[in-house]
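In what follows, a single structure is set out as structure tokens and then discussed.
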Amino acid sequence: MKYDAQRVEAKWQTQWEETDLFKVHEDPDREKYYLLEMFPYPSGKIHMGHVRNYTIGDVVARYKRMCGKNVLHPMGWDAFGLPAENAAIENNTHPGEWTYRNIDYMRSQLKRMGFSYDWDRELATCDPDYYQWEQLVFLKMYEKGLAYKKKTHVNWCDKCQTVLAKEQVENGCCWRHQDQEVVLKEMDSWFFKITAYAEEILEQCDRLPGWPERVLTMQRNWIGKSRGAIIRFPVAGSEEQVEVYTTRQDTVFGATFMCFAPEHPMLKDLVRGTEQEREVLEFVERTLKVDSYIRTADFTVKEGVFTGRYCINPATGEEIPIFVANFVLFDYGTGAVMAVPAHDQRDFDFARKYGLRLRVVIQPEDEKLDEDAMTGAYEGEGRLVNSGSFNGQKNLEALDRIAEWLESEGIGHRTVNYRLRDWNISRQRYWGAPIPIIYCDACGTVPVPEKDLPVLLPMDVEMRSHGGSPLPFEPSFYETACPRCGGAARRETDTMDTFVESSWYFDRYACPDYRQGPLDPARVSYWMPVDQYIGGIEHAILHLLYSRFYTRVLRDFGYLEVSEPFTNLLTQGMVCKETQSCPTHGYLFPDEAKDGRCARCGDEVVLGGTVKMSKSKRNVIDPQEMVDRYGADTVRMFCLFASPPERDLEWNEQGVEGSYRFLNRVWRLVTDNLDALKASAVFDGEGELAEPFRSLHRKTHRTIQKVTADIEDRFHFNTAVSAVMELMNDISRILGEGPEPGEEGWPVMREALEAAVVLLSPVVPHITEELWSLLGREGNLLGVPWPRYRREALEVDTRTVVLQVNGKLRSRVEVRADCGREELEKAALSDERVRKFIGEKPVKKVIVVPNKLVNVVV
RNA sequence: GCCGGAGUGGUGAAACUGGUAGACGCGCUGGACUCAAAAUCCAGUGGUACUUUGUACCGUGUCGGUUCGAUUCCGACCUCCGGCACCA
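So the first sequence is residues 289 to 1146, counted in my numbering.
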């Protein structure tokens, strides 16, 4: 009987579906386990990255289920987003139509992989049943001040008539219109006040032991907490004051000029009517034109312009000039900085460039700084000088004292600052959840009343061929009555960032059919938090941070009991492949290169590096093709076997062949011996066995032990699979060389083969179901309890002990397993080869590690 | 620049708390089966040297250190990958 993957997989997938095998219900009597993989964007078809991610998840889900847990393993679609709009314009269709078509196809692909999802919980974020709850939460956030509107600067493409995300700006131009310069436009945007939770989110980074350290580090850096002080500098000849944020208030006596961000709101008033006005405004305009990415890149030259105005250093009483500079960030701190050129390299460079003075306020212990001779800033520690009553104090100790003094003098105060900024959720896009707000000339900004939710995204719209949202051109959508006064009013036409949808989809999986509110308290409290979350490292910051924020918002509204959504996080590596290119035709798809030559021109193919699979590099393998050729089980197995999950996976066709070969071997070992196996019982562990069956029995239990530990403790499926391969090697060696197993041997054979089938079942669920049933077993493997190893079976009579002389391996001996220290030492010293290496030298010391080694030091 | 992570055969990788480096797979070499090929099976496979049975030496990015013993711990450096980066 030949292994026919297509037949076997179709058979069992049908059986699983017909018996609702993957359906899960809340059951308070059983321990729950919530396993989640990041849901995909329905871009068209699944790619290898999805396959790897979801295979890893499926193994864990199936394993936990066999361990007796009540496992929630859902799947859905991150279905809003810009690609749908672009595809719609390109193919002259509707984003919704395109999206749902993709979902249908990708769902069939996931089913073809044999993943154990409870499809009854499937959700798509573009469904009003989903996004209406987001609108409700928005209203509550608006009420609490957690959602607010403010002016902000955005990247704007005039041709698209829309805002561009950072990654859509290429060399300062629109990604779609290379000739269209992106402009920085001031625009009203809706924000979520994530900064209100910055401290809590940061603090709890220390209490997420199940997260990779590097993800936590990235989140901490992103939040970027710093302690410092706000200091107020009065503007000379004015009642106004300028606030600066500094972490170095110990150097305040050394501040000899001030720099403003170009966006600083005081700037225009400050220069009005001065000689410098024109120059400053020109500088501001020029600087703001450059997109913020370029402006803050390290290759951009620091420059600035004198404003013609001065402010007073409140510590020294001295007048210092005010500049506007391109490197000062408007949205960090206060948008203005005090410059201390003697002790900050950036300020130093700026001062030298514009001929500004320095004042040393920190003297190091071992050298004497001279303001005129300095070639760089001194950023180290030392004692304060030129600092009034603080002279002589160590600068680090003075940090606190100066802060106190600033507070007592009323010129400043201590503060904590975060790099994290509030989350801009406004998108001038069509394919997203509408923001439930109405603008009325009489009443201003009015939230849509709860009873009027959802604000449906209109489906009968004409997409605009040059891009941009059709909503502002759709009177049937935006024309409405003011809920307060009943007068004519206009709806908000911005939609929400799609990261909002992905910030709570995992909660909704617990109760996707709930209609009384966003979340069913009973079901959500049973399932949440997610026990294991699995996805790509590329979401380490934004998605995970937003989810942690939104979870807290839902908690504070009483919808959720948990603060942290994901207890354990596994970030899997990328799927990579080497690139191939031809001198004339550029990058080649794998099937465009035959035998090292370009299929089109016959030129020799140039092999490039092994990098992440991407369409642009054409180094992609379509999972569908692999499944058609080898079956889902082979693809799943290769994804797990080639490397541990957190590392990158290098796709290698010959490796896939290897996995396929192994499955064929397993198939043959069972089917070729089916009659003898079926006729035999399973060895029950009772009674003494003769070799080689005694060893095989031991190997079986060692394999159970190893596979269990590899999956349970560290998700190292590659070594788990290796262990089963070793067991199979032992089995075939015995069958090939040994005597006919006979009455004693077959039960042990059956035990070994059945263990292999069960242990492999989370990895390759179809072939194992078939073999299980061929072996005469009833029911699905998911219902079989995960095997436990028997301690007695692991026991051995003898062990190999390594003998070393001066730490070098010289010999080995077989000793009884319970051999004592003295006996071991004696055995080592009497070993012929050990004695040869000891020679005439006196033995200084003997180190004995029972069951492991003896090291003789001479 | 700062913060993470990683460097092991021809190759993907193992070695879980310092104790036999290279499990398992791929590739390669030789053999069996076959008219032949494919498939399958068996054996070998880190390097160098030799007296080629075997034995010795070297070997986990580099250089040092701790230790009876280091891929594992410590210090310095090099390379690669990821993140952040004029953050005041």
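The C-beta atom is built at its ideal place from N, Cα and C for all residues, glycine as well.
C-alpha of Gly874 to C-alpha of Thr562: approximately 58 Å in a straight line. Here Glu607 is actually not in contact with Ala543; their C-beta atoms are around 12 Å apart, not less than 8 Å. DSSP, reduced to helix, strand and coil, places Thr450 within a strand of the structure shown. By the Cβ criterion, the region 618 to 637 is in contact with the region 539 to 555, since at least three pairs of Cβ atoms, one from each stretch, lie closer than 8 Å. In this structure, Ile699 and Ile519 form a Cβ contact; the two beta carbons are roughly 6 Å apart against a cut-off of 8 Å.
Cα atoms of His754 and Ala372: separation of roughly 14 Å, rounded to the nearest angstrom. Ranked by Cα distance from Asn379, the first of Met751, Cys864 and Gly623 is Met751.
Between Ala978 and Glu1032 a beta carbon distance of about 7 Å is seen, short of the 8 Å cut, so the two are scored as contacting.
Assignment of His873 by DSSP, reduced to helix, strand and coil, places it in the coil class. Taking 8 Å as the cut-off, the Cβ atoms of Pro911 and His335 count as close.
Under the three-state reduction of DSSP, Ile723 is assigned to coil, being neither helix nor strand.
Ile726 places its beta carbon 8 Å or farther from that of Ala776. Distance check between Glu1039 and each of His1054, Val1052, Pro1027 and Trp1060 places Trp1060 closest, using alpha-carbon atoms only.
In the displayed model, Tyr436 falls within a strand according to three-state DSSP. When secondary structure is reduced to three states using DSSP, Thr663 falls in the coil class, being assigned neither helix nor strand. Ranked by Cα distance from Arg843, the first of Glu762, Met816, Leu657 and Leu1070 is Met816.
Nearest in C-alpha terms to Phe636, of all of Glu667, Asp654 and Cys770, is Glu667.
Per DSSP, Val540 lies in no alpha helix (DSSP H) segment and is marked neither H nor E. With fewer than 16 other CB atoms across the displayed protein chains lying within 10 angstroms of its CB, Pro1027 is exposed. By the C-beta criterion, the region 353 to 373 is judged not to be in contact with the region 873 to 889, since fewer than 3 inter-stretch pairs fall below 8 Å. For the pair of segments examined, the region 987 to 994 was found not to touch the region 1057 to 1073: the number of CB pairs separated by less than 8 Å stays below three. The bridge partners DSSP lists for His441 are Glu474. In the three-state reduction of the DSSP assignment, Thr1056 falls in the helix class. Boundaries of the alpha helix (DSSP H) harbouring Gly337: Met336 to Met354, taken from the DSSP string. Under the criterion of beta carbons closer than 8 Å, Gly720 and Thr450 do not qualify as touching, at roughly 12 Å. Three or more beta-carbon pairs separated by less than 8 Å link the region 849 to 865 to the region 494 to 507, which places the two stretches in contact. In the DSSP assignment, Gln529 falls within the unbroken beta strand (DSSP E) covering Gln529 to Thr534. The three-state secondary structure of Asp819, taken from DSSP, is strand. Take Arg707, set aside five residues on each side of it, and the residues of its chain with a beta-carbon closer than 6 Å to its own are Gly512, in chain order.
In the three-state reduction of the DSSP assignment, Lys333 falls in the coil class, being assigned neither a helical nor a strand state. CA-CA distance, Lys1140 to Val1090, rounds to 6 Å. Scanning Thr781, Arg772, Leu744 and Pro742 for the CA closest to the CA of Phe761 turns up Thr781. Between Asn1006 and Leu951, the CB-CB gap reaches or exceeds 8 Å.
When DSSP states are grouped into helix, strand and coil, Lys987 belongs to the helix group. In the structure shown, His361 falls within a coil segment according to DSSP collapsed to helix, strand and coil.
By the Cβ-count criterion, Cys773 is exposed, with fewer than 16 other Cβ atoms from all chains shown falling within 10 Å of its own Cβ.
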